[in-house]
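Position 25, counted from 1, in the sequence shown is what UniProt numbering calls 25; the numbers after and before it change by one each time, with no gaps.
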Amino acid sequence: MSGDTKVRVGQCHCGAVRFEATLSDGFNSIRRCTCSYCRMRGAVVVMAEMGGIKILQGEDALTTYRFHTGSAQHFFCSRCGIYTHHQRRSDQNLYAVNVACLDGLSPFDFSEVPVMDGINHTNDTGKPTRQAGTLRFIPTD
């Protein structure tokens with residue numbers, strides 16, 4: 001799936017929110033994060049640039065959550081509670097899109113997902129983002 005930059009359609013669990021995402025670097029930007037919110041949410045994400053997400057349906061059903069500095073804006077469906085995407089804290093021109101919301105995709109389609117160190121966020125430390133590890137999925141079949 002590397003390098004796939006075509007527009008992807010996605011939705012929340014109940015279908016109230018539908019969107020299109022143009023992936024800025026295909027699936028090369030896939031990742032997870034260790035910050036407190038991402039750790040609890042457990043989503044695998046991929047990046048879209050500012051303007052790369054178009055809400056097709058249900059904009060009124062979207063709600064947001066902000067924490068810590070309040071600069072990252074996390075969007076989720078107010079009906080089913082599924083996180084669809086968020087505007088990133090480290091680069092406000094990028095959105096992270098929940099891979100599990102993209103039609104025909106699952107986080108388990110990726111055998112390895114880099115895990116970024118969100119506990120020691122680059123905006124707090126002034127240092128480049130560090131990869132904290134790798135999440136691996138090994139099917140039993």
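Cβ atoms here follow ideal geometry from the backbone N, Cα and C, with glycine treated the same way. Quick caveat, the model's predicted, so the values are computed rather than measured.
Would you say residue i and residue j are within 9 Å of each other, going by their C-beta atoms?
{"i": "Met47", "j": "Ser24", "result": "yes"}
{"i": "Gly58", "j": "Val17", "result": "yes"}
{"i": "Ala96", "j": "Pro107", "result": "no"}
{"i": "Gln92", "j": "Met116", "result": "no"}
{"i": "Glu49", "j": "Leu102", "result": "no"}
Look at the alpha carbon of residue i and the alpha carbon of residue j, and state the distance between them as a whole number of angstroms.
{"i": "Gln87", "j": "Ile138", "result": "30 Å"}
{"i": "Gly26", "j": "Ser111", "result": "16 Å"}
{"i": "Gly52", "j": "Thr140", "result": "36 Å"}
{"i": "Asp124", "j": "Gln73", "result": "17 Å"}
{"i": "Thr22", "j": "Tyr83", "result": "18 Å"}
{"i": "Leu135", "j": "Asn28", "result": "15 Å"}
{"i": "Phe67", "j": "Leu105", "result": "28 Å"}
Which residues in the same chain as residue i place their Cβ atom closer than 7 Å to its Cβ, once the five residues preceding and following it in sequence are excluded?
{"i": "Gly118", "result": "Cys33, Thr34, Cys35, Cys38"}
Going by alpha carbons, who is nearest to residue i out of the options?
{"i": "Gly126", "options": "Ser90, Val115, Met116", "result": "Ser90"}
{"i": "Phe76", "options": "Ala61, Phe67, Thr69", "result": "Ala61"}
{"i": "Thr129", "options": "His74, His121, Leu94", "result": "His121"}
{"i": "Ser78", "options": "Thr63, His85, Leu105", "result": "Thr63"}
{"i": "Lys54", "options": "Val7, Leu135, Arg136", "result": "Val7"}
{"i": "Gly42", "options": "Asp103, Asn28, Leu94, His85", "result": "His85"}
Looking only at its own chain, which residues have a Cβ that is under 8 Å from the Cβ of residue i, when we skip the five neighbours before and after it?
{"i": "Cys80", "result": "Cys12, His13, Cys14, Ala16"}
{"i": "Ile30", "result": "Val44, Val45, Val46, Val99, Phe110, Val113, Pro114"}
{"i": "Leu56", "result": "Val9, Arg18, Phe19, Glu20"}
If you drop the 5 nearest sequence neighbours on each side, which residues of the same chain put their C-beta closer than 6 Å to that of residue i?
{"i": "Tyr65", "result": "His74"}
Alpha helix (DSSP H) runs contained entirely in the UniProt domain "CENP-V/GFA" (8-109), provided each spans 4 or more residues: If we require 4 residues or more, the alpha helix (DSSP H) runs fully inside the UniProt domain "CENP-V/GFA" (8-109) come out as 36-41.
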